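Working notes, structure below.
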Amino acid sequence: MTAPLLFACLAVGGALLGLAIAAGPPLWRRWRRPLPRPELLAGAWVMRDVRASALTAAALGELARGEPPAVHALFVGRDHVALRLGGSGGRPPGRWRPDPSGPPGQAWSLSIADLGSDRRLPAGFPAVVTLGRVQECDVLVDLRQARGLVTVDGDETQAVRLLEAIAFELVTNPWSREVTVLLAGFGVDVVLPAPGRVRRAVSAAEAVTIAEAFLRQPQGVLVVIVARPPSAPDLDRLAHLAEDARGAVVVLCTGKAYAARWVVGVGPDGQAQLGPLGLRFESIAGVLATLRGELLLAQGSAVVPATFDPGAPSPGEPVWFAEGEGGTGFQRTVVLRAPAKAEVRVLGPLEVQAPGAVPPDRRPFLAQLVAAAAILPGGLSASLLAEVAGHSAADVVRHLHNWLGAEESGAPRLRDSGGGWRLSPRVRVDWQLFLDLAGGSEPSTERARLTNALGLVRGELFDTAGFTAPVRLALDGAMEDLRARSVHCVRRAAELAMAGGDVAGVEWALRRGLVLLPRMEGLWRTLLLFQSEHQPERVGRTVEDLRAALASMGGEPDAATSRLLARLGWQQPLAPAP
Numbered sequence: 001m002t003a004p005l006l007f008a009c010l011a012v013g014g015a016l017l018g019l020a021i022a023a024g025p026p027l028w029r030r031w032r033r034p035l036p037r038p039e040l041l042a043g044a045w046v047m048r049d050v051r052a053s054a055l056t057a058a059a060l061g062e063l064a065r066g067e068p069p070a071v072h073a074l075f076v077g078r079d080h081v082a083l084r085l086g087g088s089g090g091r092p093p094g095r096w097r098p099d100p101s102g103p104p105g106q107a108w109s110l111s112i113a114d115l116g117s118d119r120r121l122p123a124g125f126p127a128v129v130t131l132g133r134v135q136e137c138d139v140l141v142d143l144r145q146a147r148g149l150v151t152v153d154g155d156e157t158q159a160v161r162l163l164e165a166i167a168f169e170l171v172t173n174p175w176s177r178e179v180t181v182l183l184a185g186f187g188v189d190v191v192l193p194a195p196g197r198v199r200r201a202v203s204a205a206e207a208v209t210i211a212e213a214f215l216r217q218p219q220g221v222l223v224v225i226v227a228r229p230p231s232a233p234d235l236d237r238l239a240h241l242a243e244d245a246r247g248a249v250v251v252l253c254t255g256k257a258y259a260a261r262w263v264v265g266v267g268p269d270g271q272a273q274l275g276p277l278g279l280r281f282e283s284i285a286g287v288l289a290t291l292r293g294e295l296l297l298a299q300g301s302a303v304v305p306a307t308f309d310p311g312a313p314s315p316g317e318p319v320w321f322a323e324g325e326g327g328t329g330f331q332r333t334v335v336l337r338a339p340a341k342a343e344v345r346v347l348g349p350l351e352v353q354a355p356g357a358v359p360p361d362r363r364p365f366l367a368q369l370v371a372a373a374a375i376l377p378g379g380l381s382a383s384l385l386a387e388v389a390g391h392s393a394a395d396v397v398r399h400l401h402n403w404l405g406a407e408e409s410g411a412p413r414l415r416d417s418g419g420g421w422r423l424s425p426r427v428r429v430d431w432q433l434f435l436d437l438a439g440g441s442e443p444s445t446e447r448a449r450l451t452n453a454l455g456l457v458r459g460e461l462f463d464t465a466g467f468t469a470p471v472r473l474a475l476d477g478a479m480e481d482l483r484a485r486s487v488h489c490v491r492r493a494a495e496l497a498m499a500g501g502d503v504a505g506v507e508w509a510l511r512r513g514l515v516l517l518p519r520m521e522g523l524w525r526t527l528l529l530f531q532s533e534h535q536p537e538r539v540g541r542t543v544e545d546l547r548a549a550l551a552s553m554g555g556e557p558d559a560a561t562s563r564l565l566a567r568l569g570w571q572q573p574l575a576p577a578p
């Protein structure tokens, strides 16, 4: 197995689309490879149809050359795109032409032959999604043109599957990069390929609270997708959010609603219709369901050197630089090391350090709530607090305030967000620092940033098994996100180390990931494959470590790991846990 294949880079959405549109497939390699759901990585580029996505993006980019029109529907074929407007669109922009087969002034078309080399990424159409197919064409609509609530009614199972497919589209369409998806009432088995752009709420009520807070200071577009019919009060509030003139919040839900502007009806066979627009099509849900286990990955551009320096040092400890400084093998990065007066650590056993006093018997419970406030996208919601504390909620908040204390300005470190409580930005959260380091965009500092991020790992990711059930359930989605982003960081750090000829650095990065996620078998397999090629003398020790990690939880290697162990000549029965 070659090193480039071993550390395949997961392409960033915008860059990949730019390649797909501007240069076409020859400039990037792609292949299909099944990936287990728990290891679905943040930033993995998943597309139902690469060609259709590139053509759609190019067509939307042409629309953006003028004033973006109100696009009700697009029909994307193999070599052409047709659109229907919400009203008279005037003169078509760019290379679009009037379509004589549609209503005069409301139908344009574009052929792939009309597209030159000057293609651009689209802007202004973040909520354009594929709903289905008809006559060999994809049927897309702009959800923001509903200007209100969108409901999916009919067969309950098919309705939920279509909503899952829409969420999938929103986090994979290159033109939807500014969209954040908020799922309410979905099971944790709904895994999407960009967990960093997906939030989760237990109920419609919690989703409303998060959306209302978002709308006060909107950044991008928030698409709220509710899996179960909301209650009447929640439905009214959701409809009000969706009707906001700025179009910053889009709302979809199942069931019937008097306030719905658009209603998608779907039958048990997957046949669907969107009444107001007169569209009939076959739901896309079935196609996307079969795609879930497959990824289209773009090969990274890093060049793997032919030789390695056996004396290359392992980073060992994180390398911290101040502004303007540098170090061997790394570029500069900036990290504040000053002690924080309040700190929450989750990259290991849960730790909360704060200046105030807290009753020892209440500390574990209060630490759970601080973790929720630190990690959940909407903070610690009032509904979650009420569920776990009941009539004692006010007393619990008082204890939290006493523990976390106030800043120099007098402002409390636990702040009322209108629908719950958030931590002040001055409370240091190791996970947020991890994201800041791993999510930077400057290529020259990438390896230093990722090394620093992995250096924050203290042990196995904190375990929520002992948490109260409501808090544990609320954290499930965030924990999934933590794991996916961590794996992405580990693999990217290993790839950069390999590109720099730093064999020890590759193992260090993978080992840091296994400290955080000791039962993530995909990382164990990556480490074993790497060592079998570059450090064969270390394979035996790694196999022992793998077995010990799995045995500690009474587990056994999965099928893929067992096959690899057999191939490497290390297939033995798993020793029983002591």
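Numbering (the UniProt record's numbering), first residue to last: 1 to 578.
Glycine residues also receive a C-beta, built at the ideal position from the N, C-alpha and C atoms.
Remember, it's a predicted structure, so these values are computed and weren't measured experimentally.
Could you pull the start and end residues of the alpha helix (DSSP H) that residue i belongs to?
i: S111; result: No alpha helix (DSSP H) contains S111, which is instead part of the beta strand (DSSP E) from A107 to S111.
i: W403; result: A393 to L404
i: R422; result: Unbroken run through R422 is the beta strand (DSSP E), G420 to L423; no alpha helix (DSSP H).
i: D142; result: Element bounds for D142: not the alpha helix (DSSP H) but the beta strand (DSSP E), C137 to D142.
i: F434; result: D430 to A438
With a cut-off of 8 Å on the beta carbons, I'd call residue i and residue j a contact; round off their distance for me.
i: L274; j: L131; result: 7 Å
i: S53; j: H80; result: No, S53 and H80 are not in contact; Cβ-Cβ is about 15 Å, not under 8 Å.
i: L523; j: V457; result: At roughly 13 Å, the Cβ-Cβ gap does not stay under 8 Å, so L523 and V457 are not in contact.
i: L414; j: L400; result: 5 Å
i: V128; j: W175; result: 6 Å
i: L528; j: L568; result: 7 Å
Go through its chain and collect everything with a Cβ distance to residue i's Cβ below 8 Å, but skip five positions before and after it.
i: G286; result: R161 and G270
i: L385; result: L369, A393, V396, V397, G420 and W421
i: W570; result: V539, G540 and V543
i: A411; result: S424
i: A374; result: V344, V346, L423, V427, V429, W431 and Q432
i: V472; result: Contrary to the premise, residue 472 reads as Arg rather than Val in this sequence. T464 and A465, listed in sequence order.
Can you grab the Cα-Cα spacing for the pair residue i / residue j, in whole Å?
i: residue 579; j: A64; result: The requested residue 579 is not part of the displayed model; the chain covers only 1 to 578.
i: L546; j: P364; result: 31 Å
i: V543; j: G61; result: 51 Å
i: A504; j: A497; result: 8 Å
i: G124; j: G90; result: 18 Å
i: P230; j: T209; result: 14 Å
i: L235; j: D155; result: 20 Å
i: M520; j: G513; result: 9 Å
i: V179; j: P536; result: 45 Å
i: A223; j: D476; result: Position check: residue 223 holds Val in this sequence, whereas Ala was assumed. About 20 Å.
i: A146; j: P218; result: 19 Å
i: I284; j: L435; result: 33 Å
i: A566; j: P557; result: 11 Å
i: A406; j: S88; result: 57 Å
i: E408; j: V429; result: 19 Å
i: G86; j: Q106; result: 7 Å
i: A306; j: H534; result: With a pLDDT of 22 at A306, under the threshold of 50, the predicted position of this residue should be treated as unreliable, though the coordinate-derived value follows. Approximately 12 Å, taken between the alpha carbons.
i: C489; j: P92; result: 44 Å
i: V352; j: A465; result: 18 Å
i: R133; j: G418; result: 43 Å
Are the Cβ atoms of residue i and residue j separated by less than 8 Å?
i: L170; j: V181; result: yes
i: A227; j: G378; result: no
i: A242; j: E206; result: no
i: L461; j: L369; result: no
i: A342; j: P355; result: yes
i: A239; j: L149; result: yes
i: I112; j: L74; result: no
i: L140; j: V76; result: yes
i: V152; j: V221; result: no
i: P518; j: A549; result: yes
i: A159; j: V266; result: yes
i: T468; j: V388; result: yes
Looking only at its chain, what residues have a beta carbon closer than 7 Å to the beta carbon of residue i, apart from the 5 residues adjacent to it on each side?
i: A494; result: F7, V506, A509 and L510
i: R525; result: A560, T561 and L564
i: A474; result: V202, A372, L376 and L384
i: P315; result: Since pLDDT at P315 reaches only 30, below the 50 mark, its modelled position is unreliable, and the value read off the structure follows with that caveat. Counting only Cβ-Cβ distances below 7 Å, and skipping sequence neighbours, we find T451, G505 and W508.
Can you name, in chain order, every residue of its own chain whose Cβ lies under 6 Å from the Cβ of residue i, other than the five neighbours on each side?
i: V71; result: L83 and D142
For the beta strand (DSSP E) that contains residue i, what are its first and last residues?
i: E343; result: E343 to R345
i: E495; result: First-last for E495: A469 to A499, but that is the alpha helix (DSSP H), not the beta strand (DSSP E).
i: F125; result: Run containing F125: none; DSSP gives neither H nor E here.
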